[in-house]
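Numbering (the working numbering), first residue to last: 658 to 1285. Note that beta-carbon positions come from the ideal geometry of N, C-alpha and C, so glycine has one too. All of these numbers come straight from a predicted model, not from anything done at the bench.
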């Protein structure tokens, strides 16, 4: 299922941070960093900083990482039992259900550490790990007021702690406050404690957790990719029950969850309390509900089948006050109930997937289905259909879609990736996966229709999206990447054309890149930047500077900004101005790392619609990470 990510893995020649970024993009099924969310980047970067020990992980651990399908996790366990530990990425590629592209994708997230003789399986030594991260930032705007008042600096901070005892007991706490919030109490907080079993019991989680099942049509908490920028976005890799380790807490559940493995079956169950996190953070008006759910998945040689069901109660305050007793006697204690069935099957190199979900309370049903296959060497294709009626409750859905919700949308999409030409040895890399095809790319076309009015649109509406990406490796050091996207709508801004060109040069230590970006909607937005960097061992530094000319908000351009691990920044550039930024990281000891980021954005030129210059803003970030 990972064969389509080859272009994402090798879409450049940089090493170090850019390799990590490409690994994150490939694992998320995205084409560019601008498609992702802070929570998803934070989750995957946590795996990069603390790779999963593939030779000690249980099936429950493998699945919760979100890197393996149920079949792949079962194949890894079976291989270890039959042949011993997996000692290299090349050996992982030989395991049933993987292959070279999949193994190369997973390599940055995995540790092949082994404590057994060749051909034997190891359980690993006992260990205790503590990791602590603290970050803080300050932002200040230029003084442009006429009353002489000095601008007031704004502050933000974040704290994260994680404890791990021999892989069997894990606990974590994360909190932060953004610029707009008070310093204390923290604006958001998430926490969890997880116990991992070795037999039938997979794990038990108390606190914040994610629940992701099937293709996400019934239950998928946290981030899910909106739109279909690449083939990797066509089908989901469900992680089941997993601890939530992000700062924000957005989209996760708070309660109790557990999963069990019995033969070819994995059963997950949970009870969460939606609204309790907001109450805990000081929002006394937020109502609390009870949401129990269960999932059972069977994994066979050629596929898997899973069933998911959850129900949500009315608010506990309404229940305790006795309001609406007549409605409760009619079964109205349950406000929402969804049941779904998911199927994934592979035959002769063709992967078929489908899920259908029934909204029991509203009497509606939604469905999706698709396939992925390779008609010839170097060409991979995918196609899918989706049917989400307007009455379908999609509050916890995260399936493939074009809009913001899995409701009021009918759609069809096709996508593919291709590679051809001579193999190029990439500078700064060696060993397995150090070569790439000289020409790579991907394309996707998505059609969607909303039969009912939606937010901001008072009539049925339709949309067409197309994305084409092409990368050329001129040499092992020089690459050029083009991305062209087009969006046509029957409402609002009728068309939006985005053209981007990236040129990168790297020898494995020194690197530089240039971007040219034009966006055409109401007018023409233009952006360009140049970046240079150095990385050797645990020390790296990057300097970046850019210009933008965007006179309409509809023409705004998003551009990813490099930051410390666990941070994610994709600002929207609007107006006429420039920006400069510097990022550096250094390992101060075997247990500590420090990261710095300084930036300034200025608006010295007026747009036609402006009468007064926008104030510039400066920002400084510091982050320290300790692993004990």
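In chain order, what residues of the same chain have a beta carbon less than 7 Å from the beta carbon of residue i, not counting five sequence neighbours either side?
i            : result
residue 1269 : none
residue 1232 : 1207, 1260, 1264 and 1271
residue 690  : 678, 682, 1217 and 1227
residue 1147 : 1118 and 1119
residue 983  : Bear in mind that the predicted position of residue 983 carries a pLDDT of just 48, short of 50, making it unreliable; the figure below should be weighed with that in mind. Contacts found: none.
Here's the rule: buried if 16 or more other CB atoms are within 10 angstroms of the residue's CB, otherwise exposed. What is residue i?
i            : result
residue 959  : exposed
residue 827  : buried
residue 1105 : buried
residue 971  : buried
residue 1341 : It is not possible to answer for residue 1341, since the shown part of the chain is limited to 658 through 1285.
residue 687  : buried
residue 837  : exposed
residue 1115 : exposed
residue 931  : buried
residue 950  : buried
residue 784  : exposed
residue 841  : exposed
residue 1186 : buried
residue 987  : The predicted position of residue 987 is uncertain, since its pLDDT is 47 and thus under 50; a value taken from the coordinates is nonetheless stated next. Per the 10 Å Cβ criterion, exposed.
residue 738  : exposed
residue 1150 : exposed
residue 1285 : exposed
residue 1250 : buried
Rounding to the nearest angstrom, what Cα-Cα distance links residue i and residue j in this structure?
i            : j            : result
residue 889  : residue 809  : 45 Å
residue 1062 : residue 1054 : 7 Å
residue 1119 : residue 699  : 34 Å
residue 922  : residue 1030 : 27 Å
residue 1094 : residue 741  : 33 Å
residue 1180 : residue 1254 : 33 Å
residue 906  : residue 694  : 13 Å
residue 1282 : residue 815  : 12 Å
residue 655  : residue 830  : Only positions 658 to 1285 of the chain appear in this structure, which leaves residue 655 out of reach.
residue 760  : residue 1145 : 38 Å
residue 938  : residue 945  : 13 Å
residue 963  : residue 1242 : 44 Å
residue 925  : residue 897  : 7 Å
residue 1313 : residue 1024 : Lying before the first or after the last residue shown, residue 1313 is absent from the chain, which here runs from 658 to 1285.
residue 910  : residue 1064 : 21 Å
residue 999  : residue 769  : 32 Å
residue 1059 : residue 1076 : 26 Å
residue 729  : residue 1084 : 31 Å
residue 1183 : residue 1176 : 7 Å
residue 702  : residue 1223 : 6 Å
residue 934  : residue 882  : 24 Å
residue 1015 : residue 1234 : 51 Å
residue 1137 : residue 973  : 57 Å
residue 602  : residue 796  : In the structure displayed, the chain extends from 658 to 1285; residue 602 sits before or after that span and is not available.
Residues in its own chain within less than 6 Å of residue i by CB, not counting five upstream and five downstream?
i            : result
residue 870  : 876, 895, 952 and 965
residue 786  : 821
residue 1280 : 792, 1221 and 1252
residue 1256 : 1238 and 1276
residue 1225 : 695 and 698
residue 1198 : 1191 and 1241
residue 1143 : 1123 and 1154
residue 1209 : 1179 and 1180
residue 790  : 817 and 1282
Specify, as a first and last residue, the run of the alpha helix (DSSP H) that residue i falls within.
i           : result
residue 746 : 746 to 750
residue 734 : 727 to 740
residue 718 : 716 to 721
residue 759 : 757 to 763
residue 937 : 933 to 937
If you follow the beta strand (DSSP E) that residue i is in, where does it begin and where does it stop?
i            : result
residue 1003 : 991 to 1004
residue 1213 : Where residue 1213 is concerned, there is no enclosing beta strand (DSSP E), given that its DSSP letter is neither H nor E.
residue 1193 : 1181 to 1193
residue 1143 : 1135 to 1146
residue 968  : 960 to 970
residue 706  : Not the beta strand (DSSP E): residue 706 falls in the alpha helix (DSSP H), residues 695 to 706.
residue 1176 : 1167 to 1177
residue 1251 : 1249 to 1262
Please work out which residues of its chain come closer than 8 Å, Cβ to Cβ, to residue i, disregarding the five sequence neighbours upstream and downstream, and give them in chain order.
i            : result
residue 1019 : 1048, 1049 and 1050
residue 1007 : 1028, 1029 and 1030
residue 1035 : 1075, 1076, 1077 and 1094
The region 1089 to 1101 in contact with the region 1116 to 1128 per 3-pair CB rule at 8 Å: yes
Do three or more CB pairs link the region 842 to 852 to the region 898 to 912 at distances below 8 Å? yes
For the 8 Å Cβ check, are there 3 or more pairs between the region 714 to 726 and the region 853 to 861? yes
Does the region 911 to 926 come within contact of the region 1072 to 1083, defined as at least 3 CB pairs closer than 8 Å? no
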